[in-house]
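Numbering (my numbering), first residue to last: 18 to 82. Glycine included, C-beta positions come from ideal geometry on N, C-alpha and C. Here is the structure we will look at, set down as structure tokens.
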Amino acid sequence: MSVDAKKLVGNTVHFCRDCHRAIHVMFSEKQLASEYYTVERLKAEPRVQKFIAWIKKRPSTTYFG
Numbered sequence: 018m019s020v021d022a023k024k025l026v027g028n029t030v031h032f033c034r035d036c037h038r039a040i041h042v043m044f045s046e047k048q049l050a051s052e053y054y055t056v057e058r059l060k061a062e063p064r065v066q067k068f069i070a071w072i073k074k075r076p077s078t079t080y081f082g
């Protein structure tokens with residue numbers, strides 16, 4: 018883990034429940050802390066892009082929990 022990543026540990030971003038759940042299904046806490054510690058890095062990941070494209074087609078009130 019880089020020095021910059023160490024500073025980010027414990028930081029959180031607020032997502033809707035569906036996005037939050039999907040991110041935690043795709044990535045471990047360790048991966049989120051070491052590789053995907055910014056929204057930009059998450060959005061660059063092909064699996065996240067695919068999920069975003071899918072969920073954008075759903076009504077905003079949809080909850081898949």
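Buried or exposed by the 16-neighbour rule on C-beta atoms within 10 Å, applied to residue 40: Taking the sequence shown and counting its residues from 1, the one referred to as residue 40 is at position 23. Buried, because 16 or more other Cβ atoms sit within 10 Å of the Cβ of residue 40.
Range covered by the alpha helix (DSSP H) that runs through residue 64: Within the sequence shown, numbered from 1, the residue matching residue 64 stands at position 47. Per DSSP, residue 64 belongs to the alpha helix (DSSP H) from 63-72.
Contact under 9 Å by Cβ, residue 69 with residue 60: Counting from one through the sequence shown, the residue named residue 69 turns up at place 52. Counting from one through the sequence shown, the residue named residue 60 turns up at place 43. A contact, by the Cβ cut-off of 9 Å.
Nonlocal neighbours in the same chain, by C-beta distance under 8 Å from residue 63, ignoring five residues either side: Locating residue 63 in the sequence shown gives position 46, counting from the first residue. Closer than 8 Å at the Cβ level, and outside the excluded window around residue 63, lies no residue.
Rounded distance between the beta-carbons of residue 30 and residue 65, thought under 8 Å: As a working mapping, residue 65 is identified with position 48 in the sequence shown. As a working mapping, residue 30 is identified with position 13 in the sequence shown. Incorrect: roughly 13 Å between the Cβ atoms, too far for contact.
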